[in-house]
Amino acid sequence: MRKLISIVLFLALIVGCNKKSNGEEVAVNEQKKEVYGVVTATDVNVRNKPGLKGKVIFQVDKNDTVIVYDSIFPANKEIVKKLDSIWECHYSEAILKADWKVYVKELGDTVFLPKGKAILVGYTWCEEYNKNPPEEMEDRCVEFKLHGKTYTVEGHIEEVCPSFTFIDEGDRWYKIKKGGKLGYIFGKFVRLLND
Numbered sequence: 451m452r453k454l455i456s457i458v459l460f461l462a463l464i465v466g467c468n469k470k471s472n473g474e475e476v477a478v479n480e481q482k483k484e485v486y487g488v489v490t491a492t493d494v495n496v497r498n499k500p501g502l503k504g505k506v507i508f509q510v511d512k513n514d515t516v517i518v519y520d521s522i523f524p525a526n527k528e529i530v531k532k533l534d535s536i537w538e539c540h541y542s543e544a545i546l547k548a549d550w551k552v553y554v555k556e557l558g559d560t561v562f563l564p565k566g567k568a569i570l571v572g573y574t575w576c577e578e579y580n581k582n583p584p585e586e587m588e589d590r591c592v593e594f595k596l597h598g599k600t601y602t603v604e605g606h607i608e609e610v611c612p613s614f615t616f617i618d619e620g621d622r623w624y625k626i627k628k629g630g631k632l633g634y635i636f637g638k639f640v641r642l643l644n645d
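Just so you know, the numbering used here puts 496 at position 46 of the sequence shown, and the rest follows in order with no gaps.
Shown next as C-alpha cells:
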C-alpha cells in the first residue's frame with residue numbers, strides 16, 4: 451500500500467512540473483527558437499570578434515546554413531592618415547567582393563588579394579579642397595596587409611578601385627555557429643531565414 455501511494459505521489463509531482471502557475475501545460479524541454487541564416491557569398495571569412503580587426507578562424511561558403519545567435523554593431527570610424535605635409539587620406543574599412551590583382555610599386559610586382567580580404571579604401575584630401583571642392587573625389591588610396599606588412603596603392607579612381615563593400619558604422623555583424631564552430635560574420639553576407 452505504501453508503495454502504491456509513493457507511485458501516485460511521484461506521478462502527481464511530474465504532472466505538476468509540466469504546468470505553469472496558471473495551470474497551462476507546457477513542454478518539459480521548451481527551448482528558445484533558433485534563428486537560421488544562409489550565406490550569400492563564397493569563401494566568407496568568420497572572425498573571432500566582430501570587425502575587421504578580428505582574426506579569421508574559419509570560412510563558410512555560399513548556401514551554407516548557419517545558426518545565428520546575436521547581432522552586433524561595432525564602431526567603425528573614419529581613419530585619417532597623413533601622406534605628406536599637405537596631403538592626407540581618409541580611409542574606411544571595406545571587404546573585397548572579388549579577387550584583385552594589383553601592382554604594388556614598393557614591391558615592383560603584382561600581388562593577388564582574395565575575395566573577402568579586409569582592406570582600407572579612402573580618398574586623398576588637402577586643405578585646398580575646402581576652398582575649391584571637386585565634384586568627385588577621383589584620387590583613391592587602398593591600404594592592405596600582406597605577409598605582415600602594410601602596403602598602399604594610390605591612383606585615379608578608375609585605376610585603383612577594386613570591387614568592394616564598405617563596412618559602415620550602422621552595419622551589423624552576426625555571431626554564428628557552423629559545424630560546432632562559433633565566430634562572427636559580416637551581416638551583408640548572411641540572409642536570415644526565420645527572424
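All C-beta atoms in this analysis are idealised placements derived from N, C-alpha and C, irrespective of residue type, glycine included.
| said: Using the three-state DSSP reduction, which class does GLY637 fall into: helix, strand or coil? | reply: helix
| query | Does the Cβ of LYS567 have 16 or more other Cβ atoms within 10 Å, making it buried, or fewer, making it exposed? | reply | buried
| task | Kindly list the residues whose CB is nearer than 7 Å to the CB of VAL494, restricted to its own chain and excluding five residues on each side of it in sequence; keep chain order. | result | Cβ within range, chain order: GLN509, VAL510, GLY566, ILE635, PHE639.
| Per the contact definition of three or more C-beta pairs closer than 8 Å, is the segment 595-612 in contact with the segment 483-490? | no
| task | Using only alpha-carbon positions, find the residue among LEU642, GLY558, TRP575, LEU632 that is nearest to ASP534. | result | TRP575
| Where do the N-terminal and C-terminal ends of the beta strand (DSSP E) with SER542 fall, by residue? | 538-546
| query | Skipping 5 residues on each side, what residues in its chain have a beta carbon closer than 8 Å to that of GLU538? | reply | VAL530, LYS531, LYS532, THR574, TRP575, CYS576
| message | Can you tell me whether GLU593 is helix, strand or coil according to DSSP? | response | strand
| Considering only the beta carbon of each residue, do LYS547 and PHE616 sit closer than 8 Å? | no
| task | Could you give the DSSP three-state label for ARG497: helix, strand or coil? | result | The DSSP-derived three-state label of ARG497 is strand.
| For ASP559, which of helix, strand or coil comes out of DSSP? | strand
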